[in-house]
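Notes follow once the structure below has been shown.
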Amino acid sequence: MYFGQFQLPLNADGTVPSYIAGYKYYDPNNAGSSVRFWYQGWKDLVFGKIKEAISNGFNGIFLDDIGKTNNFKPNNPFGNEIVADIDDKMADFVSEIRAFLTSISNGEKTYLVGNDPIGILMSSPQVAKNFDAVLNEGGINSRSVDLSHMYPDLSTSEALKKVVENYQQFGVTVLGHDWFANKLEILKLIKDLDVYSNLGVVTSYQIGFQGPDLLKYGPLVLTATEDNQVLSGTSNLPFIYSSGIKLNSTFSSGSNNDQFKVNKNVTSIIDSGGIDTAWFDVPFSAVKFQFTSTSDSTVTYKTNELTRLHDIERLIFSDKSIAIDINGNAGTTAKILGAVFGKDSLSNKQYVGIGLSLLDAGMSTTTLASLAVDAANLKTNDQIVSTLWKNVFGTTASISDKAPYIKLLDDGMTPGTLAWLAADTTFNKVNINLVGLAQTGIEYIPVS
């Protein structure tokens, strides 16, 4: 699943087009007549854009500020009256849009995702009660989402989670972008929804429908509609999503921890910082991975398509995950495991995953080394030194061998500091074959 978005079109002077607002029909003594025309024009616009989106392969639609009252000020002669008048028509609109989506989507789920509040659609508690779920925090007049009519015994956050867990039938789910950004752990419960993005910063890009497929404010779905496009995003997690992209597309992003969902049409992924992950839609056995330099590597498909990677730290395939930043956190994890638990521990994918997750989250090397010493149940200074010596040098340390290191610990050096000193030695790097790992990466199980 991936999303397109559109925004209410305005005239060049910033006014609302008459076919939407119906200004020339405005009667100061009877606002309802004009509003009815506004509603019909707006509904036709929304239906048309949704139909266009689905016909182009989208089954999620992001409505950006459609109908939000302050979009029309100061040109809107109705003022806030438009909210009250339109509210009365929302029950009919909900039924119409549900039937419309059913008629054009072949029974597949369709998600209607909106900015806060999609304006009128999400502007009142009455409207909320006509949807299976209106998940929006904020909205017009700072109204908060009210799901008490659905789950009177649950808190708002618990009710939100329940709604998503139970929402399995075909229909329309309306998600406000604040909720979309701040409740990712709940959003992930929608199993077939692959886009987790902070949509709040996006106000004018039109992805997939028209205009340039270039996103600078990210993250959002980046979808190439023509060959040879460069898709850019300064994302701050979680996904730059590439399903359905065209041939010879390049992804690039900024210095945050970015994740790229890719397929064989992606020729390049370029990143400039952070801990970045490329997700591939095939098993590892279907590709050949190769380093071309310290920060560059390639993934070649058996069908000869090739994806170049620059400054990408993690690769996730359908059957395994590989950390390739051997000069970074992956190498640090490997060295600590080898020194504290022995070189065979590098094949423990769960241990590797735990070490990576802690370092990626900002833990220092000495703190991780200290945790490893504790996990190895090394209680005394003699046990610590004996174990490190055995794992690094492959021999049993004599009393004289151990004495200076035991003294360091007795004098106040922390076990983590000594363990890291041992882990970072040339002897340990050779023992764990760090040079070999630099060519293959190290397999791990991600910590969920």
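Start counting the sequence shown at 1203; every next residue gets the next number (our numbering).
We treat Cβ as the ideally placed atom computed from N, Cα and C, and that holds for glycine.
The structure displayed is predicted, hence computed values, not measured ones.
query	result
Touch test, the region 1518-1530 against the region 1564-1577, Cβ-Cβ under 8 Å, three pairs minimum	no
Inter-residue spacing [alpha-carbon to alpha-carbon] between Y1646 and I1472	23 Å
I1477 classed as buried or exposed, judged by whether at least 16 other C-beta atoms fall within 10 angstroms	buried
Endpoints, alpha helix (DSSP H) assigned at A1640	1636-1642
Where S1602 sits in the DSSP three-state scheme	helix
Rounded separation between D1643 and L1558 - CA only	Looking at the sequence provided, one finds Gly at residue 1643 rather than Asp. Approximately 13 Å, taken between the alpha carbons.
Sub-9 Å separation of S1588 and K1609 beta-carbons	no
Under the three-state DSSP convention, the category V1501 falls into	strand
Nearest-angstrom Cα separation, counted from L1611 out to A1621	11 Å
Local Cβ density within 10 Å of S1499, reported as buried at 16 or more and exposed below that	buried
Rounded C-alpha distance that separates A1536 from T1627	13 Å
Cβ pair G1540, S1549 closer than 9 Å	no
Whole-angstrom C-beta distance between R1510 and S1470, which should lie under 8 Å	5 Å
Closest residue to T1496 among L1639, V1649, N1579 (Cα-Cα distance)	L1639
Supposed close pair N1506, G1544 - CB separation, criterion 8 Å	Contact doesn't hold; Cβ gap of about 41 Å is too wide.
Three-state secondary structure (DSSP) of K1179	This structure gives no information on residue 1179, because the portion of the chain shown stretches from 1203 to 1650.
Outcome for A1563 when other beta-carbon atoms lying within 10 angstroms are tallied against a minimum of 16	exposed
K1463 - DSSP class collapsed to helix/strand/coil	strand
Option in L1508, K1463, L1570, N1529 with minimal Cα separation from F1519	K1463
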